[in-house]
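Below is one structure, written out as structure tokens; comments come after it.
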């Protein structure tokens, strides 16, 4: 069984329609578990009602909370999400909460040495203590460990140094269509195409193996050091919500690369899985039997 650690932000999303578990790392860990891997969440919560809710959610999703520290001094994170008339979302995150203070120690050091992959974001590095924990954790992983950077750029929670240190440690990077211009500008190639941006990243950071550029309903392009693999995407019969789509895509990409699947099939099935998620109501919905069958046929799981 593959062991996938997801380190960083965990909080409750406070929506007009209700409360749900939030934070990209936990979502990716859960979708990895949906595909038969062991998902492990590394984060911190407060000793409060929100924290107890997070613990229950993790337990219900069969995600161990052994590496989620409970802190008395900080409250559990929360995010308030608002939608405009066009359905576009905006987020407001509480500052200086538990996941900004993820402690590092022997327990995490031991975990880092034995995992197959680790997923992390730039968002998780907005505060110094958690930033250093993320770097220490990544630096203790084995040479073969897949280090998956799922950007999640939210201003003002990143800067040049965070971007450089994050890319420097990554073996796979996922960049969304909205994040691409930000990265191109940071690389001093404003207006560059997805391929030009990906090729510059692959050239600058020698540890990078893959760069995935996602384009929502228009699919994605997966770049390695030789080729580009493009998928035009899939269209849901009925679009319900986009929550969990990014995490589903990342999880499929992560396991596909770990299992040595064909990159073209990995990209295709990651899009198919994301489409499945957005066509169902609710948060972090399970994959359909059809998606799981396709993942098996593609040797992703």
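Residue numbers (this note's numbering): 13 to 313. Heads up, the beta-carbon is just placed ideally off N, CA and C, and yes, glycines get one too.
Distance CB(residue i)-CB(residue j) smaller than 7 angstroms
i	j	result
residue 27	residue 128	no
residue 130	residue 273	no
residue 141	residue 113	yes
residue 88	residue 51	no
residue 275	residue 234	yes
residue 262	residue 40	yes
residue 106	residue 69	no
residue 256	residue 243	no
residue 178	residue 218	no
residue 281	residue 312	yes
Beta-ladder partner(s) of residue i, from DSSP
i	result
residue 82	57
residue 34	23
residue 232	226, 243
residue 179	In DSSP, residue 179 forms no bridge with anything.
residue 90	24
residue 51	16
residue 312	Residue 312 pairs with nothing; no bridge assigned.
Neighbourhood of residue i by C-beta distance below 7 angstroms, restricted to the same chain and skipping five residues each side
i	result
residue 192	206, 209, 225
residue 157	127, 128, 129, 130
residue 201	208, 209, 212
Enclosing alpha helix (DSSP H) for residue i [first to last residue]
i	result
residue 270	257-270
residue 149	140-151
residue 277	275-290
Integer Cβ distance of residue i from residue j, believed to fall under 8 angstroms
i	j	result
residue 229	residue 203	That belief does not hold up - the Cβ atoms of residue 229 and residue 203 are roughly 23 angstroms apart, past 8 angstroms.
residue 110	residue 86	4 angstroms
residue 132	residue 20	6 angstroms
First and last residue of the uninterrupted beta strand (DSSP E) at residue i
i	result
residue 303	No beta strand (DSSP E) contains residue 303, which is instead part of the alpha helix (DSSP H) from 301-309.
residue 206	Run containing residue 206: none in the beta strand (DSSP E); it sits in the alpha helix (DSSP H), 206-216.
residue 129	129-132
residue 158	158-162
Cβ neighbours of residue i in the same chain (closer than 8 angstroms, five flanking residues each side left out)
i	result
residue 221	183, 184, 236, 237, 269
residue 239	275
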